[in-house]
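Protein chains in written order, with the UniProt record's numbering: chain L, 1 to 198; chain Y, 1 to 198.
Positions of the beta carbon are idealized from the N, C-alpha and C atoms, including for glycine.
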DNA sequence: CCGGGATGTTAACCACGGTTCACGTCGGGG
DNA sequence: CCCCGACGTGAACCGTGGTTAACATCCCGG
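Quick look at the structure:
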């Protein structure tokens, strides 16, 4: 769908501004080493400038991380809302749409997947709360579909199932990437669907 | 099986020495905030001593993390070897044994699960290599069983499946814990088995 | 041609945190 | 009794790294 990895950060994917270059480079570095272990000099070097040049574009390192995580969770939440609405009324179709959406996102943005669940704790209290609110809304869409599929299951059980499915699909960053994208899509979709309808 | 969480660290679980107390407290703190974000003073305070007292028991902060991760991966690898051997020759039984083992470990040691896949990058090159070697041996046991179950699947595909199953089962730290342990065991076992045999 | 805003650079500042040091306490064996 | 090793403490040391300051460059609109 998109040419370069982790492009979900791009507001304007066509001609990435210096600001967007920085965000994407930071996402890659954060995913590799963790946000606390990567210096502003490293981020600058990754885009060909020195460290302090960053401050022409961002208030600070934590502001970069905050914008990164807010964009991701916003994009996931909005995307899920959209694909569910487009899937019609059958919960099975809705589940298929959510799985396809999450699989695509995980394969397109491996670094963002890693950063989101690893560096949430590095955010300020306010930013963390906002990200968690968006994440919760995303999870609740899954919970609603899973509940419709299995009305006998309790809400906490559906929530646990949703998290298990996220873990399954988001395993891509750990899987090396020896498989073609198409093969990974098929593999993850099959496994997730089987796990969800067990 | 064991009373307190993350007890897999204990060499002698009966009367935890000060050294073991420190390791376990550090594991909990590392899981909550990430190893880079927790200070030596924090670890000391968690066991009722000051920061520098740590150096009576460990060479340094990185040595603590190294010992922690080495013990975990050693324990997982050895445990998997044992339960597979005890499961007989049927690959279905072997898979069930591996799933049960991993589910138990994930539910008993949520903090260790989190630390292991988040702070591997904080290790020295030598320690990281050793941990990765143990992890690889663990994964290969899963790959062997998955290959026996589905001889048509390629090795990379089986490896990706194994990682997907790890992600599914290791989702426990994200699931809050509103469900009873028994319910989580049933839920994760069912989902993992369905995903593995899809 | 000129002034100003955008963008970078180098050097300096400063807080944080891992580590070391010198010293205190306490319990047990010679 | 006393000495020694184990275990802790508070103070100091010092590298790392985020942030700011002061000074260039370049480009564009008037």
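What residues from chain Y crowd round residue i, counting only those whose CB sits closer than 7 Å?
| i | result |
| --- | --- |
| residue 36(L) | 34, 36 and 37 |
With 16 other CB atoms within 10 Å as the buried threshold, where does residue i fall?
| i | result |
| --- | --- |
| residue 82(Y) | exposed |
| residue 73(L) | buried |
| residue 180(Y) | exposed |
| residue 78(Y) | exposed |
| residue 193(L) | buried |
| residue 172(L) | buried |
| residue 2(Y) | Caution applies to residue 2(Y), whose pLDDT of 44 falls short of 50 and renders its modelled position unreliable; the value that the coordinates give is listed next. Answer is exposed; the Cβ neighbour count stays below 16. |
| residue 167(Y) | buried |
| residue 34(L) | buried |
| residue 155(L) | exposed |
| residue 126(L) | exposed |
| residue 87(Y) | buried |
| residue 187(L) | buried |
| residue 114(Y) | buried |
| residue 14(Y) | For residue 14(Y), the pLDDT reaches just 45, beneath the cut-off of 50, and the residue's location in the model is therefore unreliable, although a value from the coordinates is still provided. Residue 14(Y) should be labelled exposed. |
| residue 6(L) | buried |
| residue 182(L) | exposed |
| residue 164(Y) | buried |
| residue 66(L) | buried |
| residue 50(L) | exposed |
| residue 80(L) | buried |
| residue 97(L) | buried |
| residue 59(L) | exposed |
| residue 8(L) | buried |
| residue 85(Y) | exposed |
| residue 18(L) | exposed |
List the residues of chain L whose Cβ lies closer than 7 Å to the Cβ of residue i, in chain order.
| i | result |
| --- | --- |
| residue 198(Y) | 190, 191 and 194 |
| residue 156(Y) | 178 and 179 |
Quick one: which chain L residues come within Cβ less than 8 Å of residue i?
| i | result |
| --- | --- |
| residue 159(Y) | 175, 176 and 178 |
Compile a chain-ordered list of the residues in the stretch 116 to 133 of chain L whose CB is closer than 9 Å to at least one CB of chain Y. 117, 118, 119, 121 and 122
For the stretch 175 to 189 of chain Y, which residues have a CB atom closer than 8 Å to at least one CB atom of chain L, in sequence order? 175, 176, 178, 179, 183, 184, 187 and 188
Taking a cut of 7 Å between CB atoms, which residues from the stretch 162 to 175 of chain Y lie near chain L? 163, 164, 166, 167, 168, 170, 171, 174 and 175
Stretch-stretch touch, CB-based, cutoff 8 Å, three pairs: the stretch 189 to 197 of chain Y with the stretch 116 to 127 of chain Y: no
Is the stretch 87 to 94 of chain Y touching the stretch 19 to 27 of chain Y in the sense that three or more CB pairs, one from each, lie closer than 8 Å? Not touching, per the Cβ criterion.
Name, going along the chain, the residues of the stretch 84 to 114 of chain L whose beta-carbon falls closer than 8 Å to a beta-carbon of chain Y. none
Using a Cβ-Cβ cut-off of less than 8 Å, give me the residues of the UniProt domain "HTH tetR-type" (16 to 76) of chain Y that come near chain L, in sequence order. 32, 33, 34, 36 and 37
Would you say the stretch 154 to 168 of chain Y touches the stretch 174 to 188 of chain L, given that touching needs at least three Cβ pairs under 8 Å? yes
Take every Cβ of the stretch 130 to 139 of chain Y, pair it with every Cβ of the stretch 135 to 144 of chain L, and state whether three or more of those distances are shorter than 8 Å. no
Below 8 Å, how does it come out for the stretch 38 to 46 of chain Y and the stretch 101 to 120 of chain Y: are there three or more Cβ pairs, yes or no? no
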